[in-house]
Structure formats: structure tokens, C-alpha cells
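Note sheet for the following structure.
Residue numbers (our numbering), protein chains in the order written: chain A, 90 to 540; chain B, 90 to 540.
Next up, the structure:
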């Protein structure tokens, strides 16, 4: 009975705008924190399915799971949008060590995504560089037939860890090409992480078809330190084997669920994250948390009987990690169908304590963003400023010039401890931090829809 | 050479105020993040010493460690302030289970701090209450000779978890007295935690000398749920044994280190946390992080050659957890010595991502606090508002009516997952979050000193 009255109240609120927004936002947070499904949903995705790289059986299982979840929550329309995705597999053999004089040092390693395999054991003398630029400045004579080790540390001085990541990103993306261009037989990079531990962190590399494709691996930050110290005093040989390879593209899907708009059903607000993950860990923060944030946001709005004026579409994008086929296809198809996309929000920075939202909009849009900060003060959100949207929703900008892109911003300090590594598991996502993220996004969408 | 110039620059900055504060604050953050000692210092405190309850050998070891650490960092003056502290020990036997029909269910439990032991196995029928008020309203007839189970959940709806803790705190503090008053033979409380897990969380209880002292334990939140479900259908008997007892008070110390003021050496700003911890886990967040924050803040100021005008005194208070003898003595002795205390800051909310600072000062003080927010925007601090000081520095207010008390405010979401439990260990403190806390406090003290 109490619940029925409560629904009436919200319904009244939203249609007649007589209850303050702050009351509705409090209801949203209560639903997330007291009756939330996000933690249990993330557990299912991580524990019943686990890692789900594009093209894998697990990725397809995740598609089915997502479709059924959206149907079970009673979304107005659930569709699978067919796409073709790259299909790379790690294989089974992955091991390596380095030798200094008579001492063998095993290292924790992961092939970089997209790398060719070694085709048996590969060994070579190691030459170290502390940046991609330093490597580029060296000569083929120094590099030829060696194994290049790029030991660039993420800079601890950045307060926002994504900036530290951004400045190191080229060693992973372009290290193999630059090393191969100078004649290296393989490349090893220091894992992109701020923590000192034994987990290697994988991630996508690029090849250039005109330059030989050499095997590329990431080693843990602790192993990178150890290797670097060893290299100071003695020549070091490094040996490793990987068994990864690229298969022909596979069919897959974006999973799309809708809450139909009551006044402007043709005007679409997209919210989403990516369903695929790297093939190590469980893709809990990256980006299980993001898709669950958005799923839960819609579930909350539905459960409170909040009926948006615009159509809210949640998209679980496929293939963000190694190709972005999902994001590109979604935008292209939206344009071909002549849909009207007014805004999009992405959550792909982990399931950590919310800090706020950024927008790529113009000054007026920024003013609106700043105007809603007041609603979030009691919920500890304080970042309402200019910033990029994200990889998945970015392509929408190519087709819809007026669209405003938003990104959910959680605290970034712990994110790269887990990112693309075996430690990105459900246990490392805090229940309340995840729930608060879903509540923040649901509240944001509630306000954006009313704008 | 570079470093020497750097020192000169800072020294110049601080004495002539010609370099913007923002530059100095950036230097402070760089020192904490690039050359910080906080993580390694916390590791030593947690791993080489560990849990350190007042009166224990480990607490005395921690006193020695702290003294040597402050001396090694070259503080101007390091003193041990003698105090007497309660000495309670858990003993060795601690186990329990509940029985429903033929089924035995082992529970994870911890005696509450200060509890009497059971003197052998104690068993009884369980009666459950969901709050202290519900217990108080019951009759001696219902309670007599039973074991009272107070299963009050911390309220997930609070955004600030300390508020949820505050509202549950009485079940731990007063549960034993209220249950005993009605004739119970023992009391069990649901652990004060928002997480659902298998760690019990201890903490101090109070007894009343005119009411029989009954044994009191906390069980894990998972066990509390299990016990509650079992009670819905069947009578349940609960059996447990504890071996804890109170010994005569022991001598101990507050550890005090100073950075002498250049202009107003007699005007003291105290910063600190508590060195003692509960006897489970390693007291990593509570309050290893707090003392290390303050130690590191002073080390940073010294290493940058920032010479404060006022004397900055770091105090590692002893006995916050079960008596507050350290805080009370420090304030009393300060008054007796006719010292001049102008401000104090406490860090006792864990080593989590910084959010800001609160102050108990008047409107003018609050205005100053808000005026410094601008310096912290790029460092993700946003809480600059009214709030309490803390248990350790609170007694200063009794003697120095003009003193302004501040508290460092980190994010609160994960704090009660660890608080007073076996999981409050070094591994659960994130290096960057800890370092950012120390940098925030050092920057705050730098600004406060200039006020």
C-alpha cells in the first residue's frame, strides 16, 4: 500500500512537475541503495560468464544474458543489432623468463591484444628504452634482432590517472610497429598501471601492414622493475612463447533496450557502456560496471514509474576493446535510419565512487551541466565540466553534429590497478560505489530528459 | 643542483609570499606522489607491528617505532607524553555456533572491546531485536536468561556512511547494559558494517557498575542474516566462549613531534590521529592511515623547506579506541602548561580518496575554509563545510575555547567494510589514496599556517 502511494507520488511528480527534483533524486538513490539490482547483476555477468572478448563464446553468452535481462526488466523494446567483430584469441601457451648469467627469472606476461604469436619459443638480447620517443631516436644497428623493452612508467604526479594512462598509451599502441621498423624481433612493454604488483595488463596494439608484425607482450610492473635493474649491470636474454592469433571476423551484436518517450518518442538519448572485455579477469570494472550502471539506471526509472519525455535507449556496445565495431555501427545505422539523436552518455571508467559528469557541449550546454550540480551536492558529486564522451558514443558525433556527449566520471585513483588485468574481477568492485554510480546516472538522465 | 634550486625557491616562496600558493601545493603533491614515504611507513606499522591495542606489547612497540620515525625525519623536538591506559585483552579462546534442531552453524565472532569473558561455554535461547529501542521496550519475562541478539542493520540509504554508523552505534555501546538490565545472560550484536561478509567487527562497549556485566560479542553480517532467518521458523540456541578480561591500567604514551614556528613558536597547531588500534587486523585504515597522513604531512613540509610561522605539532594519540586517555591527557597537560593552542586537525576516517575538510569554527572560520577550496579543485577535493573535529582533538575544546578544530574527510563508502575487523590490513589501503590524503593535509596545514 505504501509502495502504491509512492508510485503515484512519483508519477504525479514527473507529469506535473510539482514535486521538487530533489525528492525524485532521493527516491532514485533509495531504490539503488535499498532495492538495487546492480551488484547482483554484475555478479552474474562476472561469475556466470566472466571475460568476454569480441568473437568469443563468452561474448555471445553475454549478448544472450543482456537481452534476457532487459526483457525481464520489462524494457519497451529490446533488439540485437548485428555487427561483425574482430576475433583474436590468446591461445593456451603463454610463458616467459629472462636470464642474467645463470639466473632464471620467470615473468608474469600477457600477449597484447591483436599480437601475432611467437610460433614456438623466441629468445633475444634485451634493449631497454624509457619511452617510445627514445626508441624512435635509436638506430637499426642497436635494435636489429633484439627484443625491445619499453619501460615507460605511468606518471604518478597526474591527479587524474586517465591522463597518466593517456601519456603512456602510445607504447602499447605503437611499440610493436616502432620496434619492428628498426629490426627488433619482439617487443615487451611495461604494463600500463600505477600500482606495483604482479599482474600484467593487456590491451590493443596496432600493426602497420608494410612493417613486419612482431610479437608483443606486457609484463607486470614488478617484473619490469626487476628486468630494468638486471639490465643495468649485465646483458639479459629474454625468452617467451605466445600462441595468440587472429581469426576471420565473427558475427556479434550490440544489445539495445528502450524506454519509449511519452512526448518526443523520436528523440533519442543513448546511454551505455561496452559489453565486451579483455580476456583476462572478468571485465568487472571495464566495463561490466558501465553496462550495469546503465541497465540499472533504466530499471530504476521504470521501477519508480518515471516516464521520460524522450526515448531513453540503453546500448551494450560490442567490441570497444579491439575495434569499436559496435560504436561505429550503432552510429552509422542510426544515421541511415534517419533517427534523431539528441544526447548520449557513456560509462566506461569503472564502478568506483562517483565524482560527476563531463560534457563535450558548447558554453550553453556547459552552463546547464553546471546548473544541475546543486542537485548532486549531497551525493558527493562535484565534477560538472567540459570533457570528452567516450569511445563507444564518439562516432555518433560524425553523423549528428548537434548531439551532446556526456561521460560519467567516477574516482580514478584505483582504476588502473585493475584495468585489462587478471585482477579486474567482481570482488574488486565495491557494492555501494557501484550502486551510487547507477543512482547518479539515473538521476542525471532524469534531469537531462526534463531539460 | 636542481634540487637545491628547488629548495631555495620554496624557501623564498614561503618567506616572501611571492610564489603563488598553487605552486607550493603542486610541489607538495609531487613530493607525496613521487617521493612519498607514506605507503612504506604504513607497511612498516602494519606488517612489522600490526594490531596495537592500548596496553599491549605491540602498542608499546608502536610508540618506539613512532618516536624513532619522527627522530629519523629530523623533527625539531620529539617527546613521549606518559599516560595511563585501560588494558583489556581478548585472550585465546573465541568460538561460537548456533543450533537449529540438529544443525550446527559455526559463526564468525569477536568479543566486544571491554567485554567480560564467558568463563567457559555459555549457551542459551536466542531472542532477536532489530533495534536497541525494541529491546528496551521488551519485558524481563521475555528476556530472562536468554541471549539477546540485536540485529540492527546500518542504513544503506545514508550517503555518508558515518551517519549510518552513528545511528547504529548504541547497539554496540549500550546493548550489553540494556540486555542485562532485563535479565539476559549475554548479548550478540550484528557487526556494524554495510558490507555483507564473514568478518566480525569489534568495538568498545560500556558497562554500568550497578548492572551485571554480561559477555558481549559481534557476529559477522552474513552470520547475523543466517541467524535471523533461522529464528523465523525455529527456536535457536546459541553457544559461545570468550576468554577476554580487563587488567589493571598500564602506562603508555602519546608520541609528539614538532616543527617549531618561525614567527609564533608559542602558537600551536596540532595535527594527529591515533596510534592504537583494535586487536584484530592491522589498524591500517583505523587509524594507521591517519597517523601516517600527519607524519608524512610534516615530512613533506620539512623536505620542501617550508618553515611554518606557527609551531606544527604532530601527535600520535594513544587509546582512542577504548578510553581516549591520550586525547584527554594531551588537552589537560596543554592547559596546565598554559600552552596556546590555536587550531587542531584530526585524520581518523581512513586512508581513502580525499574529499575535503570540515571545521567546527564560527561563520568567519567557515568562510576561510570555503575560501581555500579553490586551491584544491584540481586535486578533487570539494568538501569544505561545517563539521566536527574528532575524538582525539575534541578535548582541546574544553580548555581552549577559541581553538578551531578540523577534520580531514576522505571518501566514506568503503570505510566500514574494514573498520574494527580482521580485514583492516595494509593490502586494503590504496597507495595513491593514502598519498593524496597526506598531500591534502600538508597543503591544508601550509595554508592554515599562513592564514
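Even glycine gets a Cβ: it sits at the ideal position worked out from N, Cα and C.
Looking only at its chain, what residues have a beta carbon closer than 8 angstroms to the beta carbon of residue i, apart from the 5 residues adjacent to it on each side?
i: residue 523(B); result: 127, 128, 131, 378, 381, 382, 440
i: residue 91(B); result: Bear in mind that a pLDDT of 43 at residue 91(B), under 50, signals an unreliable position, so the number given afterwards is only what the model happens to contain. Same-chain partners within the cutoff: there are none.
i: residue 338(B); result: 144, 173, 174, 175, 176
i: residue 463(A); result: none
Let me make sure I understand the geometry here. Which of the options has the alpha-carbon closest to that of residue i?
i: residue 168(B); options: 284(B), 354(B), 450(B), 406(B); result: 406(B)
i: residue 280(B); options: 258(B), 267(B), 265(B); result: 258(B)
i: residue 352(B); options: 211(B), 397(B), 453(B); result: 397(B)
i: residue 420(B); options: 201(B), 372(B), 361(B), 310(B); result: 361(B)
i: residue 414(B); options: 191(B), 140(B), 144(B); result: 144(B)
i: residue 512(B); options: 386(B), 417(B), 452(B), 371(B); result: 371(B)
i: residue 218(B); options: 535(B), 317(B), 263(B); result: 317(B)
i: residue 392(A); options: 138(A), 119(A), 111(A), 350(A); result: 119(A)
i: residue 263(B); options: 290(B), 487(B), 296(B), 282(B); result: 296(B)
i: residue 510(B); options: 206(B), 255(B), 283(B); result: 283(B)
i: residue 527(B); options: 418(B), 182(B), 180(B), 385(B); result: 385(B)
i: residue 459(A); options: 417(A), 150(A), 540(A); result: 540(A)
i: residue 436(A); options: 515(A), 448(A), 456(A); result: 448(A)
i: residue 69(A); options: 291(A), 162(A), 432(A), 508(A); result: It is not possible to answer for residue 69(A), since the shown part of chain A is limited to 90 through 540.
i: residue 246(B); options: 456(A), 521(A), 530(A), 365(A); result: 521(A)
i: residue 367(A); options: 303(A), 111(A), 153(A), 179(A); result: 179(A)
i: residue 303(B); options: 290(B), 213(B), 112(B); result: 213(B)
Ignore the nearest five residues each way along the sequence and tell me which others in residue i's own chain have a CB closer than 6 angstroms to its CB.
i: residue 100(B); result: Unreliable placement is indicated for residue 100(B), whose pLDDT of 43 sits below 50; no coordinate value is reported for it.
i: residue 300(B); result: 266, 269, 270
i: residue 260(A); result: 221, 239, 241, 278
i: residue 532(B); result: 114, 117
i: residue 434(B); result: 360, 495
i: residue 104(A); result: Its pLDDT being 44, under 50, residue 104(A) is placed unreliably by the model, and nothing is read from it.
i: residue 133(B); result: none
i: residue 305(B); result: 201, 204, 265, 276, 294
CB-CB under 7 angstroms to residue i, same chain, minus the five flanking residues each way: which ones, in chain order?
i: residue 430(B); result: 357, 359, 423, 485, 489, 492
i: residue 518(B); result: 131, 373, 374, 378, 440
i: residue 210(A); result: 328, 330
i: residue 411(B); result: 143, 175, 177, 202, 203, 293
i: residue 315(B); result: 194
If I'm right that residue i touches residue j with Cβ under 8 angstroms, what's the distance once you round it to whole angstroms?
i: residue 196(A); j: residue 216(A); result: So it is not a contact: roughly 17 angstroms between Cβ atoms.
i: residue 319(A); j: residue 186(A); result: Contact doesn't hold; Cβ gap of about 12 angstroms is too wide.
i: residue 203(B); j: residue 293(B); result: 6 angstroms
i: residue 363(A); j: residue 481(A); result: 6 angstroms
i: residue 442(A); j: residue 525(A); result: 7 angstroms
i: residue 438(B); j: residue 354(B); result: Not confirmed; about 30 angstroms, so no contact.
i: residue 164(B); j: residue 530(B); result: 16 angstroms between Cβ atoms; not a contact.
i: residue 483(B); j: residue 416(B); result: 7 angstroms
Could you tell me whether any Cβ in chain C is nearer than 8 angstroms to the Cβ of residue i?
i: residue 286(A); result: In the displayed structure, chain C is absent; the protein chains listed are A and B.
May I ask you to list, following chain order, the residues of the stretch 284-298 of chain A that have a beta carbon less than 9 angstroms from some beta carbon of chain B? 284, 285
To be precise: take each residue of the stretch 110-133 of chain A, compare its Cβ to all Cβ atoms of chain B, and keep it if any distance is under 8 angstroms. Which residues remain? 118, 119, 122, 123
Output needed in chain order: residues of the stretch 512-538 of chain B with a Cβ under 9 angstroms from some Cβ in chain A. 519, 520, 521, 522, 524, 525
Residues in the stretch 248-281 of chain B with C-beta within 7 angstroms of chain A's C-beta atoms, listed in sequence order? 248
Taking a Cβ distance cut-off of 7 angstroms, strictly less, list which residues of the stretch 456-479 of chain A are near chain B, in chain order. 467, 468, 469, 471
Any chance the stretch 225-245 of chain A sits against the stretch 260-274 of chain A, with 3 or more Cβ pairs inside 8 angstroms? yes
Check whether the stretch 159-176 of chain A and the stretch 343-350 of chain A are in contact - that is, three or more C-beta pairs closer than 8 angstroms. yes
Could you please tell me which residues of the stretch 438-458 of chain B, in chain order, have their CB closer than 8 angstroms to any CB of chain A? 442, 444
Contacting positions in the stretch 370-384 of chain B - beta carbon closer than 7 angstroms to chain A: none
Quick check: the stretch 472-483 of chain B against the stretch 324-335 of chain B, are at least 3 beta-carbon pairs closer than 8 angstroms? no
Would you say the stretch 246-254 of chain B touches the stretch 498-518 of chain B, given that touching needs at least three Cβ pairs under 8 angstroms? yes
Of the residues that make up the stretch 491-508 of chain B, which ones have a beta carbon closer than 9 angstroms to any beta carbon in chain A? 500, 501, 502, 503, 506
Mind checking the stretch 237-248 of chain A against chain B and listing, in chain order, the residues whose C-beta falls within less than 7 angstroms of any C-beta there? 245, 246, 248
Indicate whether the contact test is met: 3 or more Cβ pairs, each with one atom in the stretch 190-204 of chain B and one in the stretch 305-321 of chain B, closer than 8 angstroms. yes
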